[in-house]
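Asker: For reference, the structure I am asking about is given below.
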Amino acid sequence: DTEVTQTPKHLVMGMTNKKSLKCEQHMGHRAMYWYKQKAKKPPELMFVYSYEKLSINESVPSRFSPECPNSSLLNLHLHALQPEDSALYLCASSQDQQGAYNEQFFGPGTRLTVL
Amino acid sequence: GENVEQHPSTLSVQEGDSAVIKCTYSDSASNYFPWYKQELGKRPQLIIDIRSNVGEKKDQRIAVTLNKTAKHFSLHITETQPEDSAVYFCAASRRYRTSGTYKYIFGTGTRLKVLA
Chain A
1137 DTEVTQTPKH LVMGMTNKKS LKCEQHMGHR AMYWYKQKAK KPPELMFVYS YEKLSINESV
1197 PSRFSPECPN SSLLNLHLHA LQPEDSALYL CASSQDQQGA YNEQFFGPGT RLTVL
Chain B
13 GENVEQHPST LSVQEGDSAV IKCTYSDSAS NYFPWYKQEL GKRPQLIIDI RSNVGEKKDQ
73 RIAVTLNKTA KHFSLHITET QPEDSAVYFC AASRRYRTSG TYKYIFGTGT RLKVLA
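Those protein sequences? They're chains A and B, same order as listed.
Heads up: the first sequence begins at 1137 in the working numbering, then just goes up one per residue.
Heads up: the second sequence begins at 13 in the working numbering, then just goes up one per residue.
Here it is as C-alpha cells:
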C-alpha cells in the first residue's frame, strides 16, 4: 500500500460543532504532517508528528488539536472553527523527519467548509 | 527568514513547446528541492526532486537544474502535453532550528496551461 488516505472527503460544519479529520498510511512511515491549503495557494504546514510525538506546531490556534494514536494514524480534532478556516486540509507522510531527503506523500485532502 | 519565490505565477504554452518554472530560496542550508504537481481537486504529487550535491536531474520530459551559488532551481518540461496542465509547486527542505527535524518551504505555485 503506497497511499495516504483521508476521511471524510468533504465536511461542512457550524462554528459550534466538534468534528475530526482522519488520516491513515501503511507505508511504515514515521513522520506525518497536517497542512492547510487555501485556493490558489501552496500548502501551509500546521503540525508534524515524528515517531508519534509532536515535533512541530506552526503556532496553530488551539481550536485545531492534532493527535497521533499510533504510527499509522493521524487525527485533527476541530472545535469552534471560524469561516476563515474553510480550506483543503492535507495529510502527508514521509519515511521519517530526521533526514534531509525525505519525500512527502500527500493524501487527497478533506475539503472543509465552516458556516 | 525562510522564503521560496516562484515565477511565473501563470504560464500558457502551446502543446509541444517547452515550459520553464523558476524558484529562488533564501536559506543556504536548504539541501533538498522537490517539485510537486497538483491537478485541480487532487493531491500534490512529487514529479521530480534534486539534492544539493547534484546540478541537474532528468526524468523523460522533465528536468530540474540547481544553482546553489545563486540559490535558484528550475523545472523544465519539454514537449508539453495537455495533461501537463496543473499547478506546480517547488519546495526547499530546511532544518527546523528548535527540533533539528526537516520541513518543506513551498513556493507560491505556477498555474501551467498547455493549449492544444
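Each residue gets a CB set at the ideal place from its N, CA and C atoms; glycine is no exception.
Any contact of the segment 1225-1245 of chain A with the segment 1168-1181 of chain A, i.e. 3+ C-beta pairs under 8 Å?
Answerer: Yes: at least three Cβ pairs fall under 8 Å.
Asker: Please list the terminal residues of the continuous beta strand (DSSP E) segment that includes residue 1232/A.
Answerer: From DSSP, residue 1232/A is part of no beta strand (DSSP E); its letter is neither H nor E.
Asker: Taking residue 1236/A as the query, report the chain B residues whose CB atoms sit under 7 Å from its CB, ordered along the chain.
Answerer: The contacting residues are 43, 44, 105, 114.
Asker: Please go through the same chain and pick out, in chain order, the residues whose beta-carbon is closer than 6 Å to the beta-carbon of residue 87/B, but skip the five residues on each side of it.
Answerer: Only 33, 47, 76 meet the Cβ criterion.
Asker: Starting from the Cα of residue 79/B, find the closest Cα among 37/B, 125/B, 128/B and give me that residue.
Answerer: For residue 79/B, the nearest C-alpha among the options comes from 37/B.
Asker: I'd like the list of long-range same chain contacts for residue 22/B, defined as Cβ closer than 6 Å, with 5 residues on each side in sequence excluded.
Answerer: 123, listed in sequence order.
Asker: So, residue 1237/A versus residue 63/B, is the Cβ gap smaller than 8 Å?
Answerer: Cβ distance < 8 Å, so residue 1237/A and residue 63/B count as in contact.
Asker: Going by DSSP, which residues form a beta bridge with residue 65/B?
Answerer: None, per the DSSP bridge assignment.
Asker: Thinking residue 1176/A and residue 1246/A are a contact (beta carbons under 8 Å), I'd like their distance in whole angstroms, please.
Answerer: Not a contact, Cβ separation roughly 18 Å.
Asker: Kindly indicate the opening and closing residues of the beta strand (DSSP E) around residue 1213/A.
Answerer: Taken as a continuous stretch (DSSP letters only), the beta strand (DSSP E) holding residue 1213/A covers 1209-1215.
Asker: State the start and end residues of the unbroken beta strand (DSSP E) segment that holds residue 1206/A.
Answerer: Run containing residue 1206/A: 1200-1206, per the beta strand (DSSP E) assignment.
Asker: Alpha carbon to alpha carbon, how far is residue 69/B from residue 1180/A?
Answerer: For residue 69/B and residue 1180/A, the distance between alpha carbons rounds to 27 Å.
Asker: Between the C-alpha atoms of residue 1234/A and residue 127/B, what's the straight-line distance to the nearest angstrom?
Answerer: Near 42 Å, if we compare the C-alpha coordinates of residue 127/B and residue 1234/A.
Asker: Please classify residue 1220/A as buried or exposed, where buried requires at least 16 other C-beta atoms within 10 Å of its C-beta.
Answerer: Counting Cβ neighbours within 10 Å, residue 1220/A comes out exposed, since fewer than 16 surround it.
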